[in-house]
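Participant:
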Amino acid sequence: MNPAPTSASRLAPVFADARAENRSTLIGYLPVGFPDLDTSLSLLRDLVSAGCDIVELGIAYSDPVMDGPTIQNAADVALRSGVRVSDVFTACQTVADAGAAPVVMTYWNPVLRYGVDAFSRDLAASGGLGLITPNLIPEEADEWIGAAESHDLDRIFLVAPSSSEERLAMTAQASRGFVYAASTMGVTGARDAVSNAAPELCSRVRTHSDIPIGVGLGVRSREQAAEIAAYADGVIVGSALVTAVNEGGNALTTLVAELAEGVRSATVAR
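As numbered in the numbering used here, residues 120 to 389 make up the sequence shown, in order.
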C-alpha cells in the first residue's frame with residue numbers, strides 16, 4: 120500500500136470552518152441523474168442553499184452492495200433516464216459553483232471502467248475534492264491512492280463497528296479528508312433510532328487519528344442529526360433526502376434546513 124498522504128486535505132477548510140462555529144458539518148447525498156439529470160442538478164443546488172456543507176454525488180450503479188432499497192430505486196430511475204458516469208463531473212461543477220464542497224461516492228467498477236487516472240483528472244478539473252469508495256479497501260487501493268496524490272484529491276475509506284483496532288488505524292492512515300464511519304452493520308436507509316455503536320466507533324477511531332469522522336447510515340431527522348453532531352465531525356444523510364425528493368414540493372429543502380438546524384443546535388462534546 121502507498122504511504123500516508125503527504126499533502127493537506129482539500130476538505131480541511133470545510134471542517135475547520137465548522138469547528139470555528141463549534142459545530143459539525145452536514146453532508147448530503149443524492150444520486151446524480153435522479154430522477155433525471157437536469158432535475159438532479161437543480162436538486163443539488165437546493166441541497167447547498169438549504170444548508171449542506173459537503174455534497175456526496177452518487178454514481179448510479181446496477182449492482183450496489185451497500186445501498187438499501189430507497190437508494191437502489193433512485194439509482195434505477197437515474198440509469199433508466201440515461202445518466203452516464205461522466206455526468207458526475209457536471210454535478211461536481213454545479214455543487215462547487217453553488218458554494219459547497221463536492222465529493223463523489225461510487226463503487227469501484229465504474230472508476231476502473233473509466234480509467235482511474237482519467238477519472239481522477241476529470242474529477243479534479245470539475246471541482247471535485249475527493250472520492251468515497253464503499254467497496255474499495257486501502258490494501259487494494261494503490262492505483263487510486265497514487266492518482267489521488269497526483270491530482271490532489273481526498274480519499275475517503277469506510278470503517279464499521281466490526282473493524283478491528285488494526286484496521287481502524289490502517290484505514291485512518293490511508294484516508295485523507297475524513298473517515299466514513301458506518302454507524303451500523305447493513306445497508307443504507309433511514310431508521311427510527313441512531314445506532315448506539317456509532318459513538319464508540321468514533322472514540323475508537325480517535326485513539327488512532329485526529330482525522331475528521333463522518334457518520335452515516337440511518338439519519339432522517341433534526342434530532343438524530345443533533346445527536347450525531349455532538350460527537351462526529353460530519354453528519355451524513357442520504358436515503359431520507361431521496362425520500363424527500365420523491366415526496367415532491369418543498370420536502371427536500373425543508374428537511375435539509377431541519378437537519379442543518381440540528382447540526383447547529385448540538386452540544387459538541389469532542
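We treat Cβ as the ideally placed atom computed from N, Cα and C, and that holds for glycine.
With DSSP as the reference, label methionine 224 as helix, strand or coil.
Facilitator: The count along the sequence shown starts at 1 and reaches residue 224 at position 105. Of the three classes helix, strand and coil, the one that applies to methionine 224 here is strand, per DSSP.
Participant: When you compare only the Cα positions, how much space is there between aspartate 195 and isoleucine 330?
Facilitator: Along the sequence shown, one-based indexing puts residue 195 at 76. Along the sequence shown, one-based indexing puts residue 330 at 211. Aspartate 195 and isoleucine 330: Cα-Cα distance of roughly 34 Å.
Participant: By the DSSP assignment, the alpha helix (DSSP H) with glycine 381 in it spans what residues?
Facilitator: Mapped onto the sequence shown, residue 381 falls at position 262. Looking at the DSSP string, the run of the alpha helix (DSSP H) that includes glycine 381 is 370-384.
Participant: Alpha carbon to alpha carbon, how far is arginine 129 from methionine 304? Give it in angstroms, no decimals.
Facilitator: Along the sequence shown, one-based indexing puts residue 304 at 185. Along the sequence shown, one-based indexing puts residue 129 at 10. In this predicted model, methionine 304 has a pLDDT of only 49, less than 50, meaning its place in the structure is not dependable enough to derive any value.
Participant: Taking one C-beta from the segment 234-243 and one from the segment 176-187 each time, how about it: are there three or more such pairs within less than 8 Å?
Facilitator: No, the segment 234-243 does not touch the segment 176-187.
Participant: Rounded to the nearest angstrom, what separates aspartate 273 and arginine 295 at their Cα positions?
Facilitator: Sequence index remark: in the sequence shown, residue 273 carries index 154 (1-based). Sequence index remark: in the sequence shown, residue 295 carries index 176 (1-based). The alpha-carbon atoms of aspartate 273 and arginine 295 are separated by roughly 5 Å.
Participant: Determine the DSSP secondary structure at threonine 144, reduced to helix, strand or coil.
Facilitator: Your numbering for residue 144 matches position 25 in the sequence shown. It is a strand residue.
Participant: What ranges does the beta strand (DSSP E) occupy inside the segment 250-336, keeping only unbroken runs of at least 3 residues that lie completely in it?
Facilitator: Listed in chain order, the complete beta strand (DSSP E) runs (minimum 3 residues) inside the segment 250-336 are 273-275, 298-301 and 332-335.
Participant: Does the beta-carbon of aspartate 136 have 16 or more other beta-carbons within 10 angstroms, so that it is buried, or is it exposed?
Facilitator: Taking the first residue of the sequence shown as 1, we reach residue 136 at position 17. Counting Cβ neighbours within 10 Å, aspartate 136 comes out exposed, since fewer than 16 surround it.
Participant: Where does serine 281 land, buried or exposed, given buried means 16+ other C-beta within 10 angstroms?
Facilitator: The sequence position of residue 281 within the sequence shown is 162, counting from 1. Its Cβ having fewer than 16 others within 10 Å, serine 281 is exposed.
Participant: Output needed for aspartate 155: all residues of its chain with C-beta closer than 7 Å, excluding positions within five of it in sequence on either side, in chain order.
Facilitator: Working through the sequence shown from its first residue, we reach residue 155 at position 36. Same-chain partners within the cutoff: Ser200.
Participant: Which runs of the beta strand (DSSP E) at least 3 residues long sit entirely within the segment 136-198? Give them in chain order.
Facilitator: You should have 144-150 and 173-177.
Participant: Closest by CA to alanine 193, which one among Val361, Gly218 and Gly381?
Facilitator: Against the sequence shown, residue 193 aligns to sequence position 74. Among Val361, Gly218 and Gly381, the Cα nearest to that of alanine 193 belongs to Val361.
Participant: Cα separation between asparagine 315 and glutamate 346?
Facilitator: Numbered from 1 along the sequence shown, position 196 holds the residue referred to as residue 315. Numbered from 1 along the sequence shown, position 227 holds the residue referred to as residue 346. C-alpha separation (whole angstroms): 11 Å.
Participant: Which residue from Pro318, Cys211 and Asn228 puts its Cα closest to that of threonine 252?
Facilitator: Counting from 1 along the sequence shown, the entry for residue 252 is found at position 133. Selected option, being the one with the closest Cα: Asn228.
Participant: Exposed or buried, which one is proline 257 when buried takes at least 16 other CB atoms within 10 Å?
Facilitator: Translated into positions along the sequence shown, residue 257 becomes position 138. So proline 257 ends up on the buried side.
Participant: For the alpha helix (DSSP H) containing valine 214, list its first residue and its last residue.
Facilitator: Position 95 of the sequence shown holds residue 214. Here the alpha helix (DSSP H) through valine 214 covers 206-217.
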